[in-house]
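Enquirer:
Number of protein chains: 2
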Amino acid sequence: MKRDCGFSSSTPNFCALCDARERSVCAELTTEEMKEVSQTMAHLPVKEAQTLIKEGEGSEFLFVVVSGSFRMVRMLEDGRRQIVGFAFPGDYIGMGEAVENDYSVEALEPSLVCRFSQKYLDEMAGRHVGIKDRLIAKGRTELHKAQDHIVILGKHNAEERVMTFLHMLRKQLGGDEIYLSMSRQDIADYLGLRLETLSRTLTKLKKSGDIAKLEGRIVELIPLAESA
Amino acid sequence: MKRDCGFSSSTPNFCALCDARERSVCAELTTEEMKEVSQTMAHLPVKEAQTLIKEGEGSEFLFVVVSGSFRMVRMLEDGRRQIVGFAFPGDYIGMGEAVENDYSVEALEPSLVCRFSQKYLDEMAGRHVGIKDRLIAKGRTELHKAQDHIVILGKHNAEERVMTFLHMLRKQLGGDEIYLSMSRQDIADYLGLRLETLSRTLTKLKKSGDIAKLEGRIVELIPLAESA
DNA sequence: CGAAGTCTTGAATATTATCAATAGGGGTGG
DNA sequence: CCACCCCTATTGATAATATTCAAGACTTCG
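Going line by line, the protein sequences match chains A and B.
Residue numbers are given in the numbering used here: position 46 of the first sequence equals residue 51, and the series is strictly consecutive.
Residue numbers are given in the numbering used here: position 149 of the second sequence equals residue 154, and the series is strictly consecutive.
(1) Please report how far the alpha carbon of G214 of chain B lies from the alpha carbon of M173 of chain A, in whole angstroms.
(2) Looking only at its chain, what residues have a beta carbon closer than 7 Å to the beta carbon of D107 of chain A, apart from the 5 residues adjacent to it on each side?
(3) In chain order, what residues of the same chain have a beta carbon less than 6 Å from the beta carbon of L49 of chain A, not counting five sequence neighbours either side?
(4) Within 10 angstroms of the Cβ of K143 of chain B, are there 16 or more other Cβ atoms? Answer buried if so, exposed if not.
(5) Helix, strand or coil, according to DSSP, for G221 of chain B in the structure here?
(6) Rounded to whole angstroms, what's the CA-CA distance from M168 of chain A to R199 of chain A? Just pull it up for me.
(7) Do you know offhand how far V69 of chain A's Cα is from I98 of chain A's?
(8) On the criterion of 16 or more Cβ atoms from any shown chain inside 10 Å, does G180 of chain B qualify as buried, or is it exposed?
(9) Given 8 Å as the limit, is there contact between the region 158 to 166 of chain B and the region 121 to 134 of chain A, that is, 3 or more CB pairs closer than that?
(10) Determine the burial state of Q87 of chain A: buried for a count of at least 16 other Cβ atoms within 10 Å of its Cβ, exposed for fewer.
(11) Report back the beta-carbon spacing between E111 of chain A and A193 of chain A to the nearest angstrom; my notes put them in contact at under 8 Å.
(12) Suppose the cutoff is 8 Å on Cβ atoms and the five residues either side in sequence are ignored; what does the same chain contact list for R222 of chain B look like?
(13) Count the other CB atoms within 10 Å of the CB of E220 of chain B; is the residue buried (16 or more) or exposed (fewer)?
(14) Rounding to the nearest angstrom, what Cα-Cα distance links K218 of chain A and L203 of chain A in this structure?
(15) Identify each residue in the region 118 to 149 of chain B for which the Cβ-Cβ distance to at least one residue of chain A is less than 7 Å, and report them in chain order.
(16) If you scan the region 155 to 201 of chain B from start to end, which runs of the alpha helix (DSSP H) of 4 or more residues do you find wholly inside it?
(17) Is any beta-carbon of chain B found at less than 8 Å from that of A151 of chain A?
(18) When you check each C-beta in the region 85 to 100 of chain A against every C-beta of chain B, which residues fall closer than 7 Å?
(19) Can you find a CB in chain A that lies within less than 8 Å of the CB of L158 of chain B?
(20) So, is I227 of chain A buried or exposed, given that buried needs 16 or more other C-beta atoms within 10 angstroms?
(21) Counting only the same chain and skipping the five closest in sequence on each side, list residues whose C-beta sits under 7 Å from that of H154 of chain B.
(22) Does DSSP put Y108 of chain B in a helix, in a strand, or in coil?
(23) Can you give the beta carbon distance from A92 of chain A to F75 of chain A, rounded, assuming they're within the 8 Å contact cut?
(24) What residue range does the beta strand (DSSP E) around L126 of chain B cover?
(25) Kindly indicate which three-state DSSP category Q87 of chain B falls into: helix, strand or coil?
(26) Using a C-beta to C-beta distance shorter than 7 Å, which residues of chain A count as neighbours of V104 of chain B?
(27) Which runs of the alpha helix (DSSP H) spanning at least 4 residues fall entirely within the region 30 to 67 of chain B, listed in chain order?
(28) Please compile the residues from chain B whose C-beta is within a distance smaller than 9 Å of the C-beta of S81 of chain A.
So this is what it looks like as structure tokens:
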């Protein structure tokens, strides 16, 4: 299955996509301010497997994912690969001006991002108080996600890691049926497991009924119990 | 061995301790501004095992570690404990005003912290531009540390995790001889290993010569090779 | 249809967790 | 000052789990 980025190249009221998610830098701006931002902002399609940001380089941009998904990859000295996170619509990508990225960011599928100039954002932050607060809040969110990841990796067995990962995806994406835009290898590198262990664990979870469906990259979880 | 917090209760020019570390919120303030901050700032001793911040509660304070060390503890639903990080002199502790902490912070030894009122800091940030930038930078540092932790946990065997952990401590504390202010259980909960596995791994590393010394909580690493 | 990549499965090995017992160290009270 | 206790850490033996190497199945795309 192939997915497109959900955007036909000349969508008129484009920022509606972002605003709907209400998490982006723009969310608190007035239409007047929005007009100002638009001048240095750009919407870009990103091809599958394309590298948006390279490990070790500085990035003069801050991105917001509009559609699609990304992996954050950190290469270890010995050649192994650790995925330090995934980014989904509404998430921020980018470290801050003049800061060297400690991971690469690569698209998992055809995606769409909103690009801001760090320099301009910084300059504009002087006039609009809320922007820095948003960046601080962004940092907190990222840190929180990283800590959830730490908790997953701290769990000692594969089943728990995989289930927690899937629950995380459900929470992030909404809905019990999940399309995995990342490969098994990506998931394994995220969970600190070998590819084969991950695969085996998924089949086991399917057989034991902990997962309702498992068809390639489509997974369906058991619905959460409603609390009255 | 017991350690004190390196501070006799009425030290005169107290902030020198902080400033020397040049990492705190104050570092960029003028003496004039510093005087202003001092009014809502307090230096506090923290007893060993004392909880500075409780998981699930909001904290109206931001802390900077002056001396000693802390563990950040996250309790899992099933009763297990994950340590999401350690804090050493110069590190920040606290999430931001009106934000629920997702971990508890407990002193590993008699320590000393510098306490700021979040509300006041926020209010003051309106007048002193640099403060918010510091908080953003702080967030980046924390995130970076969390990702280093993720990389450690992603490593598949115990020896690597332990060695990487020790190297991290060397980098943080400086010097090849390291005093471990945390218990074996703390380290195990940080590394996602069982207490016994950690203990065995340490002895193995000592025997194989990957560690120069191992006497209780004192560890000595092999010096790094000099590059000419 | 064939080829390349991705994913699953199998069997043997290695590593870690678990359960249990012992050893070491610090502090307290006789 | 020594004996004792409690807490922390080490060590041992076995079971559970993950890795490794190898082969085969499934997809997707040209």
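Even for Gly, the Cβ is constructed at its ideal location relative to N, Cα and C.
Expert: Looking at the coordinates:
(1) 41 Å
(2) E60 and R79
(3) V118 and R120
(4) buried
(5) coil
(6) 16 Å
(7) 6 Å
(8) exposed
(9) no
(10) buried
(11) That pair is no contact at about 16 Å.
(12) M6, Y184, L185 and S186
(13) exposed
(14) 16 Å
(15) K137, L140, I141, G144, R145, E147, L148 and H149
(16) 163 to 178 and 189 to 196
(17) yes
(18) Q87, V89 and M100
(19) yes
(20) exposed
(21) G90
(22) coil
(23) 4 Å
(24) Premise fails: L126 of chain B lies in the alpha helix (DSSP H), Q123 to A130, not in any beta strand (DSSP E).
(25) strand
(26) R145
(27) 36 to 43
(28) In the sequence under discussion, the amino acid at residue 81 of chain A is Leu, which differs from the Ser named in the question. Ordered by position in chain B, the residues that pass the 9 Å Cβ test against L81 of chain A are V156, G159 and K160.
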